[in-house]
Structures are given as structure tokens and as C-alpha cells.
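Read through the structure below, which is laid out as C-alpha cells, and then see the notes.
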DNA sequence: CCCGCACAGTCCGTTTTGGGACA
DNA sequence: CTGTCCCAAAACGGACTGTGCGG
């Protein structure tokens, strides 16, 4: 058979060759991709690869019935494996915040009823008791936890084997890590915010649902799902995806990891584009400022919308399908109800709306008088639910931006603003080489924080945050007290010798050594410790609702960070984790003089 | 008294998968 | 609209840290 021949070839290349031999880093950044000023190259641009092979995707394991019975009005009921699987979906979430949400309950109850035997079709969902399944799952989890080290090691090796087999793709001569290869397992859909589909079922995906993308003459990956075969095999080298399938309306792609050439190059281009914007930002601001006083209302709205995107790093705001998606907005979809004009504060507006991921954007800001006047005018005579920019859609705004700069779109402003702010903040302070490393890191983090706040990157405060904070506060105070005592002890060593005794309270073991030298060493260490604790506490508090990672990974030009680290002799590992460094190989060689 | 070690709880990096932009 | 890719927070899980105990 033709296919089995191909199969062998795939196995041969990707599994018999040592990964170390295959991973040849292509240093594409040594010859950075040019802006395509040469039109004849455009066709080449759309072809992303010549050769691509991989081992396909891995499916979630088949459902294994556990035969634990849920109860209906206190009585255990028999379920088929199919019904039991659905019941188990709920079993895994009961007790969580998710399972308490009204939409989740409503949607799941409907799904559950669909698969139940006829006699329960009109049953009240509240009469079902899933706790037996929950208890079973908890026990299972406990068992997993209590595995012997040998068993755990075996599990790990098994996972690693799968990773070695599925986790890599061969693209144009280099072996690249994949971002994902496991097909999303069946379960409950967890929408964010008031997502209308929260709690509905994500069906099991079969090989027939998968479309694979491989090179024209490459071997077809082995389908490891018994009794099934791939839906479609294509060779589309205008895309960078390796496979896709649909979960309801959403297309799920299998892509390469962010360390790959595909991702790295487009990241590089993204930041170069943002730098290009930096070079013509004055001209662009001039242009949209002119629009603010244009006679044409559409142009005015265009001007104001662009102003908001530039000044406040708003997203563009495409239109959404509210039947399937949560009611969240961006700039062009802002409604009258999302903006307030606080009394007695001239030229001040308050934004309050749900943005991407249903994250609340609440911000009171000063704007130019002409912007203020315009906004007042846009809301006049409209209902709260009416669109603020009724004459401007995302498409139109981006068309306008394109006319100002080649390749400009709304999101470029976010990248530009984030990188610009980081660079500015870092420039503000000059460290001496031997300044405290923790202070340097802290300073960088606070610059990072400014960016995150601007981009509205939030995180939920951890459940035990307050309690932990209080404890840390007390701990710090005790250490400070001890520090003062120890200082005094050292300073008046002889006379104080009997005044202080070693002691231990809840937080700190106080030691007063009998020799002055020992006390001095201790003092020095303690000073370090107190400083560190104090910094950490401050950092923790000011970052409690801010997520620094998103801007670090997606918005701030990594070369700014690398350059700053070199200039200030800070190890990059202090600021970029392993995977972050792997994501930005092209930025790691940046010198200390780089400027965004 | 001090040191090493096990254990638990927390922290933090990584993975997952849902949301959004834009051609 | 669809197709593709970038962005996003939450879930997850392993590493770290600090603590208490025994030798």
C-alpha cells in the first residue's frame, strides 16, 4: 500500500534520528526579513514553506466507564457509558465557582437532559446528585498522588515519549517544537464572563474531524485512533498550521511553538512595524487631530476613535455575534452606556466596559477639550445601548490607518505604546553597576507594570492574598525590630551584652552572638534580608491585580529588555524565563545601546 | 546546639483553550 | 462571511521555600 510506505518514511525521519541532530537552529535573524519593498517577492511571501512533515495529532483516550451511579431523588440510577461520561463532566466541576454559575447550570442541565433516558426527560436538574462520582474522582486523584516514585517516573517517561513522537515537526530542514498536539479532550465549555455557551458540552473529536497539513510528497502520519482515519490531508503552504478541527463554530489549529521560525519572524516583524509607527507617530497624530474638527461627522468619529486607540491602548473592537459570544466591546463597538462625563471635572471621562475576556476596563482620564466636546456630541440624543461611534466600524478605521502608514492597524498602537512606555521608564533611571540587583529587578518590574496597567492586563487576586499579606507584614515588622536591636547590640557591644537574649517569636529567631564579629556578619545578612522582604512586599502589593506576563510576552519589544540587562549587568534569566528566552532568540544578541 | 531532611504549602513557569483582530 | 494567526487569563503541575523534627 502506498500509504504504509509513506508511514514508514515518517517514522524513520522523526523517530529514528536523534532530536539533537535534527534541531539545527536556523539563525534567520542574522539576515533579518526585509520589509517587502520589492513587489515581485510578494508571491514568495505568501508561500510559508516548501517542506513540512509531522506525526499528526494525539487523541484523548477513549472514555472508560467507572460504573459509579449518580442519584435521582436519592435513588441510584443506571446510566449507559455515554450518559455516564456526560454526568462525569459535571462531577469534575461540582463545588467549583464555575459549577455555581447560573448559565453553566442551565446549559449543562439542558445537555444532560438530551442524553438521559426518556423517563427523566422532565426531571428537575436539582434532583440529581453527582456527589458519588465526585467522591470517586477525588479518590482517583488521591491514588495518583500517592503513586510510588517509580510509578511516577514511568508516567513521566511515557509522557516524554509521546512528546518526542508528536511534539516535533520538520519544516524546511529544521526540527521545530509544536505548540500543541493533543486534541482538546471532551468536556465542558468554559466560557469567560457571560459567555452564552458556558457549560455546554465539547464533543469528542475523532480523526475524521481532523484536517492535516503536510508537504505535497510527505508521508501521511499514522492515525492512532483505532477504527478511524484522517478526515482530510491537504498541502497548503500558504498557512503555517499543521492541522485543524472544529469545536462547534470555532476552528482549533495545531501550530508550531513560539520558539519556531514562523512565530519568531512574525514577532520580529511586528516589533519592527511598531518602530516604524514610532517614526511617523507625530505625522499621524497631526492627521487625526485635524479630523477632530472636520465638518464631516464620520471623519470626526474616525478622529476620536483613533485618538482613543492611540492614547489609551484600546483594542479596535470588531463586531460580535451575541448569540454565541459574550457581550464585550472594543473602541469601535463602545456604547453610550460605557462612557461617563463626571460632573465638575472638565475634560474628564470615565470608561467602564467589559473588554476582551470580559475584563473590566475602568479608567478615568483627561482628554483634549476638542475630544471631550466631540464625545459629548456623539452621545447626544442617543440611548445608553446605542453605539458611540455609529459611523465608524473596525474595518473603516483600519482602512484609514492603512492610508497613514503601510501595514498600520489598530493593534500596532498597542505594541508601539507598550514598547515605548517600557523604553521611556527604563531610561528614566541610571543604575550604578554595583547597585542592588533586587532594586534593579524591582525597577524593571515597575516599568513592566506601567505597561500592563496601560494595556489593562489584570489578574484575579488569589484567594488567600490578604491573609498572606498580613502575615508577611508582621514578619517584616518583627525582622525590622530584630534588626534595630541587633544594630544597637553591635554598636554598644560591651554595655549591651546582657540586655539582649536570644529568643524566638512566631516569625523570627533572634540571635545575639557572643562575639562582635559574628554579630556583625549576622547584622549584614539581616539587613539584606529585611531589604529583600520589604521590596518583595511592596512589589507584591502593587502587582496584586496586575498580570505582567502578557505584556512581556506579546507587547514589549524584547530587545529593550535584553539591552537594558546588558547595560545594567542584570542576568536576563532574572527577567525572562526559559520559555520566554526561547521565544525571543532573535532578540538575545541585542547590544547595550539598542533603543526602541 | 546545629545540621540535614522530609513534608507541606505556596509560588511561579508552562500549558491549555477561549477571545479577538484582520485580510 | 471565513480563514488564519495573535493575544489572554485561568488551570495545572512542578519547583522552591520555609518549617519542624530528629539525630
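In my numbering, the protein residues as written are 248 to 843. We treat Cβ as the ideally placed atom computed from N, Cα and C, and that holds for glycine. Source: prediction; values computed, not measured.
Check	Outcome
Return the first residue and the last residue of the beta strand (DSSP E) that residue 418 is part of.	415-418
CA-CA distance, residue 653 and residue 643?	15 Å
Which term fits residue 562, buried or exposed, when burial requires 16 or more other beta carbons within 10 angstroms of its beta carbon?	buried
Quick one: what does DSSP say residue 825 is sitting in, helix, strand or coil?	helix
Check the C-beta distance from residue 405 over to residue 431 and give it rounded, since I have them as a contact under 8 Å.	Their Cβ separation, rounded to whole angstroms, is 20 Å, which puts residue 405 and residue 431 out of contact at 8 Å.
Restricting to runs no shorter than 3 residues, where is the beta strand (DSSP E) found entirely within the region 391-447?	415-418 and 421-424
Just to confirm the assignment, what range does the beta strand (DSSP E) spanning residue 562 have?	Run containing residue 562: none; DSSP gives neither H nor E here.
Between the Cα of residue 489 and the Cα atoms of 318, 299, 835 and 557, which residue gives the shortest distance?	299
May I have the straight-line CA-CA distance separating residue 722 from residue 757, to the nearest angstrom?	12 Å
Does DSSP classify residue 458 as helix, strand or coil?	strand
Beta-carbon within less than 8 Å of residue 493's beta-carbon, same chain only, minus the 5 sequence neighbours each way: which residues are those?	456 and 499
Residue 685 and residue 779: beta carbons closer than 9 Å?	yes
Check for me: the alpha helix (DSSP H) holding residue 536 runs from which residue to which?	508-538
Hey, how far is the Cα of residue 828 from the Cα of residue 761?	48 Å
Along the beta strand (DSSP E) that carries residue 599, what are the first and last residues, could you check?	595-601
Assess, as a yes-or-no matter, whether the region 584-597 is touched by the region 539-550 under the definition of 3 or more beta carbon pairs within less than 8 Å.	no
May I have the straight-line CA-CA distance separating residue 826 from residue 773, to the nearest angstrom?	34 Å
Within 10 angstroms of its Cβ, does residue 289 collect 16 or more other Cβ (buried), or is it exposed?	In this prediction, residue 289 scores a pLDDT of 48, lower than 50, which makes its location untrustworthy; no coordinate-derived value is stated.
Just curious, the beta strand (DSSP E) that residue 301 is in, first and last residue?	299-301
Go through its chain and collect everything with a Cβ distance to residue 332's Cβ below 7 Å, but skip five positions before and after it.	310
In chain order, what residues of the same chain lie with their CB nearer than 7 Å to the CB of residue 570, ignoring the 5 residues before and after it?	443
Less than 9 Å between the C-beta atoms of residue 694 and residue 794, yes or no?	no
Mapping DSSP to helix, strand and coil, what is residue 705?	strand
Taking residue 704 as the reference, give the member of 609, 372 and 746 with the closest Cα.	609
To which residues of the same chain is residue 315 closer than 6 Å at the C-beta, ignoring the five residues directly before and after it?	379, 380 and 383
Would you list the one or two residues that DSSP bridges to residue 318?	323 and 376
Along the alpha helix (DSSP H) that carries residue 809, what are the first and last residues, could you check?	805-815
Can you check whether the CB of residue 317 is closer than 9 Å to the CB of residue 377?	yes
With C-beta atoms as the reference, is residue 759 less than 9 Å away from residue 736?	yes
So which of 650, 326, 573 and 312 has the shortest CA-CA distance to residue 524?	650
Could you name each continuous alpha helix (DSSP H) segment of 4 residues or more that falls completely within the region 591-674, going from the start of the chain to the end?	616-626 and 641-651
What residue range does the beta strand (DSSP E) around residue 480 cover?	479-481
Once the 5 residues before and after residue 640 are set aside, which same chain residues still bring their CB inside 8 Å of it?	566 and 579
Rounding to the nearest angstrom, what Cα-Cα distance links residue 835 and residue 818 in this structure?	12 Å
Going by other Cβ atoms of all chains shown within 10 Å of its Cβ, with 16 needed for buried, is residue 391 buried or exposed?	exposed
How should residue 810 be labelled, buried or exposed, when 16 other C-beta atoms within 10 angstroms of its C-beta is the threshold for buried?	buried
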